[in-house]
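One structure is given here, and the rest of the page talks about it.
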Amino acid sequence: MSAAGRLRYLFGVHIAGRAALRFERLRSEHKMRSRESWRHRHLERPLDVSPRLKELISRHYLTGRYANGARKVAWVTSGAPIEVLTALNIFPIYPENHGAVCGIRRTAEEYCKHAEAAGYSRDLCSYARTDIGSILSGKTPVGRLPRPDVLICCTNICQTVLYWYQVLAHHFGVPLVIIDTPFLYREAPSHAVAFVKNQIEDSIPVLERIAGRSLSHGRLRDVTRMSRDACELWLRIVESGRMKPSPITAFDQFIHLAPIVEMRGHRYTVDYYASMLRELNTRVGRGMGALKDERKRLLWDNLPIWFRVRWLGDLLAERGVSLVASTYTNAWAELADMIDPERPLDSCASVYLHPILNRGTGHKLETMKRMIDYYEVDGVLLHSDRSCKPYSIGQLPQRESLSSEAGVPALLIEADHNDPRSFSEEQVRNRLDAFLEVLGV
Amino acid sequence: MIAAALPILYPRELLRSFGVLPVELWGPPGTKTAIADRWLQAYTCSIIRGGLAFLAGGGQDHADIILVPHGCDSLQGLGSVLLDFPVLSKPALSFYHPRTRSRASVDYLEAEIESLAEELQKITGREATDALEATIREEEADSVLAKLLAGRLQVALSCRDYYRLVRCREYLPAEQFTALARPWLSSESGPSSAMPVLLSGVVPEPSGLLDALNEAGAVVVADDTIACGRRLTPEGRDQSAYRRMAERMASAPPCPTRGASVEERSRHLLDLAKRSGAKAVVFAVVKFCEPELFQLPLLKTALERAGLRTTILEVDVTEPLPQQLKTRMEALLETMS
Ligand code: SF4
Ligand code: SF4
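Line by line, the protein sequences give chains B and V.
Per the numbering used here, the first sequence starts with residue 1, numbered consecutively.
Per the numbering used here, the second sequence starts with residue 1, numbered consecutively.
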């Protein structure tokens with residue numbers, strides 16, 4: 001790490017960058033406060049913490065922009081065990097989250113086309129295509145992504161990430177650490193837990209070498225505690241969707257999810273979610289919902305359709321339909337009680353084996369049924385995501401069971417999380433209209 | 001008992017030691033897949049859709065067990081659906097192959113084989129017998145298969161008939177396969193070709209692909225398909241049967257479905273091409289197959305840099321070879337002649 005790099009980092013991130021972002025946040029907060037009235041016909045005004053979210057995310061990418069030369073950087077999958085990295089002060093970049101940002105900012109399609117021109121099939125995951133296309137074209141809406149010093153790929157969300165990270169390893173010529181988490185068709189067998197723990201332990205010396213420092217077990221414990229605290233708060237945030245009216249929609253959760261994915265293990269993330277929860281509780285106390293008139297409640301399954309989040313949110317809000325919960329955002333909440341700071345590596349092995357995407361289709365059905373009861377929803381929207389097979393395969397028999405066993409109607413929406421070319425607005429609108437008519441709204 | 005075994009790798013010898021004969025399903029060709037629409041989205045590959053459609057359409061009547069090893073996200077989904085929903089009437093089993101190669105992976109594989117043995121015991125109601133002998137029989141069959149694949153030009157058969165012989169390994173008991181295939185190893189006058197081709201991809205299907213190659217004067221001289229060449233598991237050394245099975249599986253040739261990198265695969269392909277004299281590589285890739293599709297751009301570049309010609313044919317194994325793909329292959333062969 002060079003002295004000049006560190007100086008640039010210090011100035012760009014900690015001095016000028018922070019001040020600019022803070023100023024920007026204060027301006028937004030002031031604007032929100034001074035706005036006479038929120039004019040949306042169907043939605044209540046956004047949460048007051050929103051400018052802080054923007055500040056956190058911007059700071060994350062700003063840190064990334066200046067990281068090379070000052071800090072070691074790891075590109076990691078969304079389900080990777082991040083605690084060891086954080087304890088070693090390695091800065092994480094999440095290509096999936098970057099993919100989502102590109103989806104929201106509507107640049108993903110252009111990057112996907114770049115990847116396709118280089119030979120990557122359109123049938124591949126659109127996050128992967130977005131990321132590969134962004135690297136090949138050198139374009140990103142976040143300014144600049146730092147080069148990785150190491151790649152960490154955990155297969156607990158899909159096998160796709162393994163092939164994707166192999167492409168990245170080839171491109172950047174850096175080490176790829178694979179944490180292979182055997183898929184759990186049933187309960188986790190002890191040999192699977194042992195296998196994962198072994199791999200996490202084996203990754204530590206590799207990461208220590210890259211970080212140029214030894215892992216402090218005290219620091220790992222503290223980071224793990226922060227992770228657990230953040231996940232617990234996130235759990236209470238998503239559970240606030242149980243209230244009637246719900247103070248938060250799944251669309252809000254999709255956006256406020258970023259810190260729990262990218263910044264677990266930090267005090268500022270815990271503080272942020274604590275403030276968010278306080279605000280939600282205040283809204284609940286006042287009987288204030290995310291929608292001005294909540295008439296029906298739905299559950300969402302699968303990734304968001306990032307390039308149509310606002311469109312879909314408005315379409316549902318117009319009809320008084322609140323999307324009060326989602327299996328996707330629940331995934332970062334439901335494992336909170338498995339995280340044990342006193343046994344960081346053992347609990348890490350268990351936690352990272354158990355995400356919903358690493359468990360069977362029957363488990364997901366049971367999760368949905370529990371959520372249907374808990375959140376008292378009237379129906380389920382299943383996003384059949386063309387380029388995310390692990391999340392989508394199983395939705396057809398799940399839909400049948402939701403109607404026959406859980407007694408709620410479920411609609412399958414054909415789309416894609418990041419590729420607008422696999423989305424037909426007319427078709428989705430027509431199907432939703434028919435579905436909402438069945439619900440009586 | 002019969003196990004209908006979906007792709008890709010599983011311990012055949014373990015099944016045999018429980019008196020179960022695995023019969024593999026790679027498609028099968030010609031299956032009408034519409035029946036699978038009830039459970040699987042259209043964007044799953046034709047191997048998965050064909051396999052399920054075949055079983056649900058009556059194929060399961062010939063099987064006692066359905067085995068779905070975990071080779072990719074789609075096989076994972078299919079296995080999980082069969083385990084969790086009443087789609088078929090026969091019991092389903094799964095098997096996870098690790099994606100890393102280390103001592104810990106072999107330990108994991110051994111424990112996974114033991115778990116599968118427990119499941120087989122429950123279903124068959126019997127103990128495993130002569131597991132080590134069963135392993136050695138499979139090793140012999142694999143060794144004959146390896147020689148058959150390495151000595152293609154000594155086998156006087158068209159590519160279609162040659163693969164018919166090779167792929168008997170997918171359903172015959174190991175000892176019968178060995179007896180059937182061994183005589184072909186000593187035949188000396190096979191086809192000669194000015195256009196030797198290495199076949200990679202998923203499976204040598206549709207068979208029209210092989211006919212088209214022969215008609216154009218080309219011969220497949222080496223194989224790197226997931227179904228054939230990438231499952232040539234070598235002999236193990238350990239005298240404990242389960243450990244030996246694990247060792248064998250962990251040493252199979254590089255395949256992305258077991259975590260192999262692009263570099264490992266291109267090294268392997270270049271070596272195969274060098275040994276067989278192949279001048280071109282035809283990738284018969286099943287549409288929607290992520291493990292294959294991801295590596296193709298980099299593989300293609302590496303092979304072409306080494307002077308090999310390549311073409312990618314995206315196929316549906318349940319459908320005949322489209323004319324457009326035939327034309328593409330002919331175009332490749334023309335550049336070689
Ligand atoms: S295939 Fe699905 S789970 Fe895997 S990276 Fe893509 S979107 Fe995520
Ligand atoms: S063809 Fe590819 S996607 Fe289909 S089962 Fe085989 S490995 Fe999986």
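Heads up, the beta-carbon is just placed ideally off N, CA and C, and yes, glycines get one too.
Quick caveat, the model's predicted, so the values are computed rather than measured.
C-beta neighbour in chain B for E188 (chain V), strict 8 Å: By this cut-off, E188 (chain V) is not an interface position.
Cβ contact (3+ pairs, closer than 8 Å) linking the stretch 56-65 of chain B and the stretch 8-18 of chain B: Flag = yes, the stretch 56-65 of chain B and the stretch 8-18 of chain B touch.
Contact residues within the stretch 272-291 of chain V, judged by C-beta distance below 9 Å to chain B: Going along the stretch 272-291 of chain V in chain order, one finds V285, K287, F288, C289, E290 and P291 with a Cβ nearer than 9 Å to chain B.
Those residues which DSSP pairs with P291 (chain V) across a bridge: Answer is none; P291 (chain V) lacks a bridge partner.
Residues that DSSP places opposite W332 (chain B) in a beta bridge: W332 (chain B) is bridged by DSSP to nothing; it lacks a bridge partner.
N-terminal and C-terminal residue of the alpha helix (DSSP H) that A317 (chain B) is part of: Under the DSSP assignment, A317 (chain B) falls in the alpha helix (DSSP H) whose first and last residues are V309 to E318.
Whether G190 (chain V) touches R152 (chain V) by CB criterion (8 Å): At a Cβ-Cβ threshold of 8 Å, G190 (chain V) and R152 (chain V) count as neighbours.
Identity of the residues DSSP links to C154 (chain B) by a beta bridge: Looking at the DSSP output, C154 (chain B) shares a beta bridge with B:I179.
Secondary structure, alpha helix (DSSP H): runs of 4+ residues fully inside the stretch 10-46 of chain B: If we require 4 residues or more, the alpha helix (DSSP H) runs fully inside the stretch 10-46 of chain B come out as 18-34.
Contact check, S94 (chain V) vs Y185 (chain B), beta carbons under 8 Å: A contact, by the Cβ cut-off of 8 Å.
Proximal residues of chain B, C-beta to C-beta of V81 (chain V) below 8 Å: Neighbours of V81 (chain V) on chain B, chain order: T361, I393, G394 and P397.
Residue burial classification, W38 (chain B) (beta-carbon count within 10 angstroms, cutoff 16): It counts as exposed.
Under 9 Å by beta carbon: chain B residues contacting T33 (chain V): Going along chain B, no residue has its Cβ under 9 Å from T33 (chain V), so there is no contact; the nearest lies around 14 Å.
heavy atom of ligand 1 below 7 Å from C153 (chain B) C-beta: Using a cutoff of 7 Å, the CB of C153 (chain B) does not count as near ligand 1, since none of the ligand's heavy atoms is closer than that.
Supposed contact pair R230 (chain V) and G236 (chain V) - C-beta distance, whole angstroms, cut 8 Å: Contact doesn't hold; Cβ gap of about 18 Å is too wide.
Buried or exposed by the 16-neighbour rule on C-beta atoms within 10 Å, applied to A174 (chain V): Buried.
Close beta carbons around V262 (chain V), own chain, < 8 Å, minus the five adjacent residues each side: Closer than 8 Å at the Cβ level, and outside the excluded window around V262 (chain V), lie Q295, L298, L299 and A302.
Boundaries of the beta strand (DSSP E) in which W75 (chain B) is found, first to last residue: Membership of W75 (chain B) in the beta strand (DSSP E) is indicated by the continuous run V73 to V76.
Selected residue, minimal CA-CA separation from K279 (chain V), among V:E133, V:E319, V:E334 and V:R258: Minimum Cα distance to K279 (chain V) is reached at V:E334.
Selection of the stretch 375-393 of chain B by Cβ proximity to chain V, strictly under 7 Å: The stretch 375-393 of chain B vs chain V, Cβ under 7 Å: S384, R386, K389, P390, S392 and I393.
L164 (chain B): contacting residues in chain V (beta-carbon distance under 7 Å): Correcting the residue type first, residue 164 (chain B) is Trp in the shown sequence and not Leu. Within 7 Å Cβ-Cβ: F294.
Cα-Cα separation between S74 (chain V) and D37 (chain V), rounded to whole angstroms: It is roughly 14 Å from the alpha-carbon of S74 (chain V) to the alpha-carbon of D37 (chain V).
Residues that DSSP places opposite D301 (chain B) in a beta bridge: In the DSSP output, where bridge partners are listed per residue, D301 (chain B) has B:L382.
Distance cut-off 7 Å: L78 (chain V) Cβ against heavy atoms of ligand 1: No, the Cβ of L78 (chain V) stays beyond 7 Å of every heavy atom of ligand 1.
Run of the beta strand (DSSP E) containing V315 (chain V), from where it starts to where it stops: Run containing V315 (chain V): R309 to V315, per the beta strand (DSSP E) assignment.
Closer than 8 Å at the beta carbon, the chain V residues around Y120 (chain B): Residues of chain V passing the Cβ test: L293, F294 and P297.
heavy atom of ligand 1 below 7 Å from E160 (chain B) C-beta: The residue asked about is misnamed: residue 160 (chain B) is Thr in this sequence, not Glu. Yes - ligand 1 has a heavy atom lying nearer than 7 Å to the Cβ of T160 (chain B).
Classification of H14 (chain B) by the beta-carbon crowding that lies within 10 angstroms, buried from 16 upward: Counting the other CB atoms within 10 Å of its CB gives H14 (chain B) a total below 16, which places it among the exposed residues.
Neighbourhood of ligand 2 [Cβ distance below 7 Å to any heavy atom], ordered by chain position: Contact residues of ligand 2 (beta-carbon closer than 7 Å to any heavy atom; chain order) are V:P7, V:I8, V:C45, V:I47, V:I48, V:G71, V:C72, V:S74, V:L75, V:V202, V:I226, V:T257, V:V286, V:F288, V:C289, V:E290, V:P291 and V:E292.
contact_flag[the stretch 163-177 of chain B, the stretch 146-154 of chain B] where n(CB pairs < 8 Å) is 3 or more: Counting Cβ pairs under 8 Å, three or more are found: they touch.
Reduced DSSP category for T335 (chain V) - H, G, I as helix; E, B as strand; rest coil: Helix, per DSSP.
I157 (chain B) Cβ short of 7 Å to ligand 1 heavy atom set: Yes.
Contact set between T160 (chain B) and chain V, taken where Cβ atoms lie within less than 7 Å: Within 7 Å of the CB of T160 (chain B), the CB atoms of chain V belong to D73 and E290, in sequence order along the chain.
4-residue-minimum alpha helix (DSSP H) runs that sit fully inside the stretch 98-181 of chain B, ordered along the chain: Correct list: 108-117, 126-137 and 160-172.
C-beta contact flag for M249 (chain V) and P11 (chain V) at 8 Å: Result yes, Cβ atoms of M249 (chain V) and P11 (chain V) sit closer than 8 Å.
Closer than 7 Å: L303 (chain B) CB and nearest ligand 1 heavy atom: Checking every heavy atom of ligand 1 against the Cβ of L303 (chain B), one is found closer than 7 Å.
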